[in-house]
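Colleague: Residue numbers (my numbering): 410 to 560.
For glycine and all other residues, C-beta sits at the position ideal for the given N, C-alpha and C.
Below is the structure I would like to discuss, written out as structure tokens.
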């Protein structure tokens with residue numbers, strides 16, 4: 410993977426509804442496995458979506474996380490180390506918080522990096538990521554247990 414496996418970069422088969430590929434050509438390069446799985450879970454486990462106007466409804470869905478990890482780890486077990494497993498929770502939390510900071514910083518800088526649809530768009534995006542981070546942190550024990558059970 411290349412460091413941007415968020416849900417909107419996943420191509421789905423319209424007939425089956427199943428994911429068939431990850432497509433994103435703007436960041437084609439090797440990346441850290443922790444960023445990849447952290448970003449995948451950050452974006453894939455927020456049922457409200459990244460662009461919701463109702464940021465207060467944002468939550469990290471542990472059932473979705475379990476399903477994604479089950480599929481991912483069915484293949485990744487072949488190359489992940491014990492230390493890799495130890496940092497999966499931290500990666501999920503870090504990526505959500507880091508992206509929130511990036512959106513907020515861009516908002517303060519005048520929206521110069523991320524494309525926006527309206528003046529407060531990056532601020533709204535930041536609130537979504539910060540609320541997601543809060544939800545992740547409040548479920549740390551559950552998330553860590555899911556990861557541990559998958560080893």
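Under 8 Å: do the stretch 519-538 and the stretch 473-484 share three or more Cβ pairs, one atom per stretch?
Modeller: Not touching, per the Cβ criterion.
Colleague: Should the stretch 439-446 be regarded as contacting the stretch 454-464, the criterion being three or more beta carbon pairs within less than 8 Å?
Modeller: no
Colleague: State yes or no: is the C-beta of residue 416 within less than 9 Å of the C-beta of residue 498?
Modeller: In this structure, the beta-carbon distance from residue 416 to residue 498 does not fall below 9 Å.
Colleague: Mind checking residue 526: buried by the 16 CB within 10 Å criterion, or exposed?
Modeller: exposed
Colleague: In terms of residues, what are the limits of the alpha helix (DSSP H) holding residue 513?
Modeller: 497-518
Colleague: Rounded C-beta distance between residue 450 and residue 501? I'm assuming under 8 Å.
Modeller: 5 Å
Colleague: What's the C-alpha gap between residue 452 and residue 507?
Modeller: 13 Å
Colleague: Could you check how far apart the C-beta atoms of residue 555 and residue 474 are, in whole angstroms? I think they sit under 8 Å.
Modeller: For residue 555 against residue 474, the beta-carbon gap comes to about 6 Å, under 8 Å, which counts as contact.
Colleague: Which of the three DSSP states, helix, strand or coil, is assigned to residue 539?
Modeller: helix
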